[in-house]
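Using our numbering, read the sequence shown as starting at 349 and increasing by one per residue.
Glycine residues also receive a C-beta, built at the ideal position from the N, C-alpha and C atoms.
To keep things clear, I will list the structure first and then write my remarks on it.
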Amino acid sequence: MFQSLRARLIALSVAIVTVAMLALAIANFLTVQRHVLSTLDDQSRQLVNAQAQVLGEWVATKRLLTHTLAQAVDTPDPRAVVQALRDGGGFSDAYFGYTDKRMFFLNEMAADYDVTARPWFKQALKEGRPIVTAPYLFVSPPEVGVTFAEPVGPAGNPVAVVGTDVLLTTVVRTVGAIRPTPGSFAFLVDEAGAIVTHPDPALTLKPVSALSPQLRADAIQALPKAGTGMRTAVGGKDFLLYGQGVPGTNWQLVVAVQRDEALSALGSLLKVSGAIVAISLILAIALLGAVIARVTRRLAVVRDALEDIASGDGDLTRRLSVQGNDELTQIARAFNHFTDKIASVLVRIRESSETVRHASTEIASGNQDLSARTEQQASSLEETAAAMEQLTATVQHNAENARQARQLASSASDIATHGGTVVDQVVRTMGGIEQSSHRIADIIGVIDSIAFQTNILALNAAVEAARAGEQGRGFAVVASEVRTLAQRSATAAKEIKALIDDSVGQVDAGSRLVQDAGATMGKVVESVQRVTAIVTEISNASQEQSTGIAEIGTAVSQMDQSTQQNAALVEEATAAAQSLQQQAAQLADVVAGFRLDSESSWSRSIALHR
């Protein structure tokens, strides 16, 4: 539906105008609505203030008439005065009572009637000033009314209270006549929230919440101070409430204005605004359609010219005429400039494509030669890699043999070291034996010395026994035995000493031999350790040689792989050069399809304005 630019422009323009008109209409409506509501608030407040003042004057008149009744309190026969006041003042009854319970009523009262117990009497005495009672239902007639009462006598010590009863019929008519709109109404509420008067008599003396659950006594009392009407629903309809206190009473006069009726003029304004918007839209659509159609016709001329150039034989020498200075002329001028640029670029492309074609041919030829040499180099590297693999295997075998020899030498070194340790321990043991032998020899010498001394003592004992004669015979025998034992001990000690001396000699010889063996074993250990170190160096060198040759082999393998990759890249480059050669030829063919003679005549230019 909106595929054409004309349709889109018309739709966009209509949308903009519609939004603008709707915004203007809404702003106008809201402004008028605020003005109407402000006017409604002002007029309603003025109305309720004026009507409250009227009711206040009515209350003041009734109070004044009630005050005149005080003159009849001291009159011997007050009936004429009271009756005249009742009839002339519009009261349903007039009376007064004394603090000593005496009273005067135009109508006969019951014998047990106590005037001082009546609420109006108590309230007047308590407040000490004129009062108006809350509405209540009279006994006769059975209608709602109020009592005006005033104490009579010195302040603080009144002697009587005068009172008048007033039916609220007049007030009901006055309040019922307050109807700003056909659906509006007014009512009175006392400070306790009870309805004093209402167009519906059934609501009289009912709480104000009977009208609407939203209404409370405090809300009604706050109405005079409210800047705008209190919006509430009564009987399913939307109302604005305005209130004002009635002077001289505790009543509030409330005017309920039906909002829809008060704002009915806004509905008419809304209809008129809708009609204006609709007419404006129709006119805007017609006007915008004509203007946009004229513009799009000129744009169609440019489109047709472009299609002619695009669908022709690629003649870039054609130009659009540029007359005027509007946007379409600027488009034509830009198109001509663009065509000049394209023509210049195509000329350069044609020249460059020829250069690329020759260059790609040379590159393809060079790549083919490079590919052949690269393949030869790859073959040589493969042979070198194979030789390096064999050499690596041989060196690794030698390194393995050297590692085994190092292990054997290390094992022999450990064994020789252990043997040297054992021999050293034997040397230390032989030294200990030698020392023990010398100590044994010394002990044997001590034993021999003891045997010698024992022999001498036994000899001395024998001499003394011989001197003693027959008494020393037994002692001589013992001495002889001791001497014999001493001699045998000395002989045995000499034999043991000879054996010990021989053993000490042999131990000394063995110790010297063991020391020589230990020194020889130390030299063997040192030689084995030197052999182990040399073998370890040979093994490490063989391992490093194996590692180096392996790295050389890896490098050769990587060179082989790189050479093969280079060969593949050379082949790809050759293919790319051939492809570039073909694309250059195709590009040259494409450029050849355009007419690029910048010197051609302008006589074939297309007029922008037809």
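Just to confirm, are residue i and residue j a CB contact at a threshold of 8 Å?
i      : j      : result
Gly577 : Leu588 : yes
Ala442 : Leu417 : yes
Arg705 : Ala932 : yes
Phe453 : Pro426 : no
Val421 : Ala508 : yes
Glu748 : Val852 : no
Gly445 : Val463 : yes
Ser986 : Gln606 : An answer regarding residue 986 cannot be provided, because it is not within the stretch 349 to 958 covered by the chain.
Thr597 : Thr512 : no
Ala827 : Ala806 : yes
Val967 : Ala497 : The chain is shown only over 349 to 958; residue 967 falls outside these bounds and no answer can be derived.
Arg629 : Thr366 : What sits at residue 629 in the sequence shown is Leu, not Arg. A contact, by the Cβ cut-off of 8 Å.
Leu388 : Ala610 : yes
Leu551 : Ala400 : no
Gly870 : Met778 : no
Gln835 : Asn803 : yes
Ile358 : Gly583 : no
Val603 : Leu395 : yes
Ala898 : Thr740 : yes
Pro528 : Ser612 : no
Val743 : Ser894 : yes
Using a Cβ-Cβ cut-off of 7 Å (strictly less than) and excluding sequence neighbours within five positions of residue i, which residues of its own chain qualify?
i      : result
Glu920 : none
Ala726 : Asp908, Thr911, Gln912, Ala915
Leu928 : Val704, Ser708
Glu702 : Ala936
Start and end of the alpha helix (DSSP H) containing residue i?
i      : result
Phe469 : 467-475
Ile568 : 565-569
From what residue to what residue does the beta strand (DSSP E) around residue i run?
i      : result
Leu515 : 508-515
Leu601 : 600-606
Gly436 : Looking at the DSSP string, Gly436 is not in any beta strand (DSSP E); the run it does join, the alpha helix (DSSP H), is 427-437.
Lys449 : Looking at the DSSP string, Lys449 is not in any beta strand (DSSP E), and its letter there is neither H nor E.
Glu498 : 492-500
Asp586 : 585-593
Thr545 : 543-545
Spell out the partners DSSP gives residue i in its beta bridges.
i      : result
Ala442 : Thr512
Phe962 : The structure shown does not extend to residue 962, since the chain is modelled only from 349 through 958, so no value can be given for it.
Arg579 : Leu588
Leu485 : Val492
Pro555 : Ala542
Val480 : Phe496
How would you label residue i, buried or exposed, when you count the other beta carbons within 10 angstroms and need 16 or more for buried?
i      : result
Ile882 : exposed
Asn328 : Here the chain comprises residues numbered 349 to 958, so residue 328 is not present and cannot be evaluated.
Ser386 : exposed
Gly493 : buried
Gly591 : buried
Leu360 : exposed
Glu947 : Caution is warranted here: a pLDDT of 40 is assigned to Glu947, below 50, making its placement in the model unreliable, and no coordinate value can be reported.
Glu829 : exposed
Asp538 : buried
Asn715 : buried
Ala816 : exposed
Ile568 : buried
Thr922 : buried
Ala955 : Below a pLDDT of 50, predicted positions are generally treated as unreliable, and Ala955, at 41, falls in that range; the measurement from the model is reported next regardless. Exposed.
Gly768 : buried
Thr495 : buried
Pro483 : buried
Thr839 : exposed
Ile763 : exposed
Phe686 : exposed
Please return the same chain residues whose Cβ sits closer than 6 Å to the Cβ of residue i, not counting the five positions on each side in sequence.
i      : result
Ser951 : Here Ser951 scores only 35 on pLDDT, less than 50, and its place in the model is too uncertain to base an answer on.
Leu553 : Ala542
Asp772 : Gly866
Ile711 : Ala925
Pro478 : Arg411, Glu498
Val362 : Ile633
Considering only residues of the same chain and omitting the five flanking positions on each side of residue i, which have a CB-CB separation below 8 Å?
i      : result
Val519 : Leu403, Trp406, Leu536, Val544, Thr545
Ile792 : Ala841, Ile844, Lys845, Ile848
Lys573 : none
Of all Cβ atoms in chain B, is any one closer than 8 Å to the Cβ of residue i?
i      : result
Asp513 : Of the protein chains in this structure there is only one, and it is not chain B.
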